[in-house]
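K.L.:
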Amino acid sequence: MSKDLRNPLARARGLGSAKEGVGHWMTQRITALALVFLTLWFVITVLGLMHTDYATARATIAKPWNAVLLIALVITMFKHAVLGLQVVIEDYVHTRWLEVASLVLIKFIAVLAALMGVLAVLRIALGS
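Start counting the sequence shown at 1; every next residue gets the next number (UniProt numbering).
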């Protein structure tokens with residue numbers, strides 16, 4: 001007879017690599033859903049700007065709602081990419097130091113690229 005008096009659910013709740021799997025999964029699904037709407041908005045906006053001049057395109061991006069949505073697209077896109085690449089690396093890279101180095105490198109590159117994208121949108125929106 002087992003001396004562990006916890007029920008099976010209580011024992012199972014303590015299992016898992018970092019106990020953050022559900023949060024990671026949920027964040028990935030939320031960013032995917034947000035990307036559906038943000039990408040749809042972006043494609044419609046770009047198609048609307050297809051035969052316009054540079055000044056019109058710049059003025060359209062400089063509108064507050066368009067700038068906010070474009071910044072949201074950039075941030076959400078890189079967050080979603082990091083989450084997806086993290087899963088791939090954790091599943092297929094079996095050397096611990098290479099796994100950690102890859103995760104750090106991917107996060108560093110994503111943060112740097114997202115900051116560059118946000119800065120570009122802000123420069124357009126603020127007119128500098």
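Glycine included, each C-beta is placed from N, C-alpha and C at the ideal position. Nothing here was measured: the structure is a model prediction, and the numbers come from that model.
In whole angstroms, give me the CA-to-CA distance for GLY66 and MET50.
P.N.:
In the sequence shown, the residue the question calls residue 66 occupies position 66. In the sequence shown, the residue the question calls residue 50 occupies position 50. The residue you asked about is not Gly; residue 66 is Asn in the sequence shown. Using only the alpha carbons, I get a separation of about 16 angstroms.
K.L.:
Compute the beta-carbon to beta-carbon distance between ILE71 and VAL121, rounded to the nearest angstrom, for a pair I have assumed lies under 8 angstroms.
P.N.:
Counting from one through the sequence shown, the residue named residue 71 turns up at place 71. Counting from one through the sequence shown, the residue named residue 121 turns up at place 121. Sure, about 5 angstroms apart at Cβ, within 8 angstroms.
K.L.:
Quick check: the stretch 67 to 87 against the stretch 24 to 41, are there 3 or more CB pairs under 8 angstroms?
P.N.:
Touching, yes, given that three or more Cβ pairs across the two stretches are closer than 8 angstroms.
K.L.:
Among TYR92, GLN86 and LEU126, which residue has its Cα nearest to the Cα of GLY21?
P.N.:
In the sequence shown, counting from the first residue as 1, residue 21 sits at position 21. Answer by Cα proximity: GLN86.
K.L.:
What does the Cβ neighbour count give for GLY16, buried or exposed, with the cut at 16 atoms within 10 Å?
P.N.:
Mapped onto the sequence shown, residue 16 falls at position 16. For GLY16, the predicted structure reports a pLDDT of 48, less than 50, and the residue's modelled location is therefore unreliable. A value from the coordinates is still provided. With fewer than 16 Cβ atoms within 10 Å of its Cβ, GLY16 is classed as exposed.
K.L.:
Going by beta-carbon coordinates alone, are ALA62 and ALA113 separated by less than 8 angstroms?
P.N.:
Within the sequence shown, residue 62 is the residue found at index 62, counting from 1. Within the sequence shown, residue 113 is the residue found at index 113, counting from 1. No, the pair does not count as a contact, with Cβ atoms beyond the cut-off.
K.L.:
Would LEU98 be called buried (16 or more neighbouring beta carbons within 10 Å of its own) or exposed?
P.N.:
The residue labelled residue 98 in the question sits at position 98 within the sequence shown. Exposed is the call here.
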